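Here the structure comes first, spelled out in structure tokens, and everything after it is commentary.
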Amino acid sequence: MSGPEEQGPPTPPTPPSEDELRAAYEAELARITAVDMIAQSAVSLLNIGARRLGPPGASAEDAAAAGRDLEQARDAIDAARAMLEILERRIPGELGPLKDALSRLQMAYAQEIAGPGGAPAAGAGPGEQTSGAEQPGAEQPRSPAGEPSQDPAQKGPGPAESSGRLWVPGR
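When we follow this note's numbering, the leftmost residue of the sequence shown carries the number 1, and every step to the right adds one.
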């Protein structure tokens, strides 16, 4: 009786040819939509923005060592927000998780800009907007009787804002 025949080591698979790679790439381009790419880009931007804020609760030195860059975080937030506006037209029912992630990132960014004690950090960055009432020459809001209305910011923060859980644009 003869034993099982010995086989040599398996041969490695041959790499695909350039024509096969091109065909696979063309098939992928035909399958993917612009909406798919925009959504994936928005997710990537949100992840980059979170990474650029640094670890939560980290000291300034630890955050800097981890790659903290508030300007890049702000750019990622702005770009993701613009992409979500486009996606809202096409897939409005599927954006809940992305909107939630954007809101959390905006809140974390606002807390980083506010710094300890709630005051805006020095060098918060160009483009930080103020409300129209704070801009020179801006008309103060008036009550229906024509009297200047009291600015809610002058009363102090409400309970939601003072808890640090409410993101307020421009602050």
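All residues carry an ideal CB built from backbone N, CA and C; glycine is no exception.
Given the structure is predicted, the values throughout are model-derived calculations rather than measurements.
> Do you know offhand how far Asp-69's Cα is from Ala-58's?
Replying inline: Position 69 of the sequence shown, counted from the start, is the residue given in the question as residue 69. Position 58 of the sequence shown, counted from the start, is the residue given in the question as residue 58. The alpha-carbon atoms of Asp-69 and Ala-58 are separated by roughly 14 Å.
> With distances taken between CB atoms, is the gap from Ala-50 to Leu-87 smaller than 8 Å?
Replying inline: Counted from its first residue, the sequence shown places residue 50 at position 50. Counted from its first residue, the sequence shown places residue 87 at position 87. Not closer than 8 Å, so no.
> Do you know whose CA, among Pro-97, Ala-27, Gln-111, Ala-108, lies nearest Ala-42's CA?
Replying inline: Here residue 42 is taken as the residue at index 42 of the sequence shown, counted from 1. For the set Pro-97, Ala-27, Gln-111, Ala-108, the Cα lying nearest the Cα of Ala-42 is the one of Pro-97.
> Around the Cβ of Leu-53, are there at least 16 other Cβ atoms within 10 angstroms (buried) or fewer (exposed)?
Replying inline: Here residue 53 refers to the residue found at position 53 of the sequence shown. When all chains shown are included, Leu-53 counts as buried.
> If Leu-102 and Arg-81 are in contact, beta carbons under 8 Å, what's the gap, nearest whole angstrom?
Replying inline: Here residue 102 corresponds to residue number 102 of the sequence shown, with the count starting at 1. Here residue 81 corresponds to residue number 81 of the sequence shown, with the count starting at 1. The beta-carbon distance between Leu-102 and Arg-81, rounded to whole angstroms, is 6 Å. This is short enough to meet the 8 Å contact definition.
> Who are the Cβ neighbours of Ile-48 in its own chain at under 6 Å, not counting the five residues just before and after it?
Replying inline: Sequence index remark: in the sequence shown, residue 48 carries index 48 (1-based). Contacts found: Ala-76.
> Is the beta carbon of Met-83 sitting closer than 8 Å to the one on Ile-38?
Replying inline: Residue mapping note: residue 83 aligns to position 83 of the sequence shown, counting from 1. Residue mapping note: residue 38 aligns to position 38 of the sequence shown, counting from 1. In this structure, Ile-38 lies closer than 8 Å to Met-83 by Cβ.
> In chain order, what residues of the same chain have a beta carbon less than 7 Å from the beta carbon of Ala-63, not counting five sequence neighbours either side?
Replying inline: Translated into positions along the sequence shown, residue 63 becomes position 63. The beta carbon of Ala-63 sits closer than 7 Å to the beta carbons of Gly-54, Pro-55 from its chain, once the five residues preceding and following it are set aside; these are given in chain order.
>> With the cut-off set at 8 Å, would you say Ala-79 and Leu-29 are in Cβ contact?
In response: Position 79 of the sequence shown holds residue 79. Position 29 of the sequence shown holds residue 29. Result no, Cβ atoms of Ala-79 and Leu-29 do not sit closer than 8 Å.
>> Cutting at 7 Å between CB atoms, please list the residues of its own chain near Leu-95, excluding the five before and the five after it.
In response: One-based indexing of the sequence shown puts residue 95 at position 95. Excluding sequence neighbours, Leu-95 sits near Leu-84, Leu-87, Glu-88.
> Residue range of the alpha helix (DSSP H) that Gln-111 falls in?
Replying inline: Reading the sequence shown from its first residue, position 111 is the one you call residue 111. Boundaries of the alpha helix (DSSP H) harbouring Gln-111: 96–114, taken from the DSSP string.
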